[in-house]
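Using our numbering, the letters of the sequence shown map in sequence onto residues 1 to 227. Note that the Cβ used here is the ideal one computed from N, Cα and C, for glycine as well.
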Amino acid sequence: MAHVDVVSATLSQLVDEIVATAIKRHAKVVGVTGAIAAGKSYLAGRVAQSLGWPTVSTDGFIRADAGARKGYADSYDAAALQAFVEGIRSDGHATAPRYSHLHYDVVGYDEIDSTTVVIDGLHLGHPALGIRDRIDLLVHLDAPTDTLSNWYLTRFEGLRADAASEPTAMLYPYRDLDADTMNGMAMQVWRDLNSVVIDEEVRPNEHSADIVVRFGDEHAIVAVETR
1 MAHVDVVSAT
11 LSQLVDEIVA
21 TAIKRHAKVV
31 GVTGAIAAGK
41 SYLAGRVAQS
51 LGWPTVSTDG
61 FIRADAGARK
71 GYADSYDAAA
81 LQAFVEGIRS
91 DGHATAPRYS
101 HLHYDVVGYD
111 EIDSTTVVID
121 GLHLGHPALG
131 IRDRIDLLVH
141 LDAPTDTLSN
151 WYLTRFEGLR
161 ADAASEPTAM
171 LYPYRDLDAD
181 TMNGMAMQVW
191 RDLNSVVIDE
201 EVRPNEHSAD
211 IVVRFGDEHA
221 IVAVETR
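Below is the structure:
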């Protein structure tokens, strides 16, 4: 990959560059992958909005029986994800399970009638999912691990606040626990699962991406590598 210093670039400029590259490549499928809490869904949404395409998260393709492996590449229903992407590429129709982080589960299904889509999620470049060759433009996001852990905790705190008034939310039964206890539980998950997945399965596959974006504090773009 060729290194491009974009310290002064804004997120809007990055979105514009991704969109321009997708159009130039006549892309049907754009993927946004990378580390947990790096902002994949947000960037995918911005890119999809600019292109006028639907967006789908791979979270809904995690197998219900994944158990403690949830989040690892082998916890995804690779065959179902492959069929979804192939449906978009072939006849422009596919069904995607809709995942809710608030409920920590699939909460419905979306019928996607489009010959183009932006997909976000972990492991899009991982061989276990078997879809890299069906993605025309793959963007990988990363940041220092300590920075990612802070963003993860911020996201968790938002989910905890939302869950307090939603009886069906996964965190609702824990609504009376104090913030320090809850945050401690979240960071234990980060240390035991999320950081391990990032180091062992996400970062080792960033080489498969067409564009690698590195963030610093406050989501400032510190570097972009393209090929």
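Check: Please return the same chain residues whose Cβ sits closer than 6 Å to the Cβ of ALA205, not counting the five positions on each side in sequence.; Outcome: Just to set this straight, residue 205 is Asn in the shown sequence, not Ala. Closer than 6 Å at Cβ, skipping near neighbours: GLY125 and HIS126.
Check: Quick one: what's got a C-beta closer than 7 Å to ALA9's C-beta in the same chain, skipping five residues either side?; Outcome: ILE221
Check: So ALA80 and LEU51 are supposed to be a Cβ contact under 8 Å. How far apart are they, rounded?; Outcome: Not really, about 24 Å apart at Cβ, beyond 8 Å.
Check: Who are LEU137's beta bridge partners in DSSP?; Outcome: VAL30
Check: When the Cα atoms are used, what is the spatial distance from ALA48 to VAL118?; Outcome: 6 Å
Check: Count the other CB atoms within 10 Å of the CB of GLY34; is the residue buried (16 or more) or exposed (fewer)?; Outcome: buried
Check: Pairing CB atoms from the region 11–28 with CB atoms from the region 135–153, are three or more of them under 8 Å?; Outcome: yes
Check: Can you name the start and end residues of the alpha helix (DSSP H) that ALA251 belongs to?; Outcome: Outside the displayed range of the chain (1 to 227) lies residue 251, so it cannot be described from this structure.
Check: My parser needs the beta strand (DSSP E) runs of 3 or more residues fully inside the region 20–80; what are they?; Outcome: 29–34 and 55–57
Check: From THR181 to GLY158, what does the alpha carbon distance come to, in whole angstroms?; Outcome: 15 Å
Check: Using CA coordinates, which residue listed in VAL85, LEU102, PHE156 and GLY121 is at the minimum distance from TYR42?; Outcome: GLY121
Check: Could you tell me the distance, in whole angstroms, from the CA atom of GLY130 to the CA atom of GLN82?; Outcome: 7 Å
Check: Under 7 Å, do LEU141 and ALA38 count as touching if we go by C-beta distance?; Outcome: yes
Check: Out of curiosity, what's the CA-to-CA distance linking VAL224 and LYS40?; Outcome: 15 Å
Check: For a minimum of 3 consecutive residues, which ranges assigned as the beta strand (DSSP E) are wholly contained in the region 84–164?; Outcome: 93–100, 105–113, 117–120 and 137–142
Check: Given a cut-off of 7 Å, decide if SER57 and THR92 are closer than it, judged by their beta-carbon atoms.; Outcome: At residue 92 the sequence reads Gly, which differs from the Thr that was named. No.
Check: How about TYR109 and THR95: do their beta carbons lie closer than 7 Å?; Outcome: yes
Check: By Cβ distance below 7 Å, which residues in the same chain neighbour VAL19 in space, the five residues on each side in sequence not counted?; Outcome: VAL47, SER50 and LEU51
Check: Can you give the Cα-Cα distance for VAL15 and GLU201, rounded to whole angstroms?; Outcome: 26 Å
Check: To the nearest angstrom, how far is it from the Cα of HIS103 to the Cα of GLU17?; Outcome: 34 Å
Check: Note down the Cα distance separating VAL189 from TYR174, rounded to an integer number of angstroms.; Outcome: 16 Å
Check: Expressed to the nearest angstrom, what Euclidean distance is found between the alpha-carbon atoms of GLY87 and TRP53?; Outcome: 15 Å
Check: Put ARG214 into one of helix, strand or coil per three-state DSSP.; Outcome: strand
Check: Enumerate in chain order the residues of its own chain whose CB-to-CB distance from GLY31 is below 6 Å, with the five nearest sequence positions on each side excluded.; Outcome: ILE119, LEU124, ILE135 and LEU138
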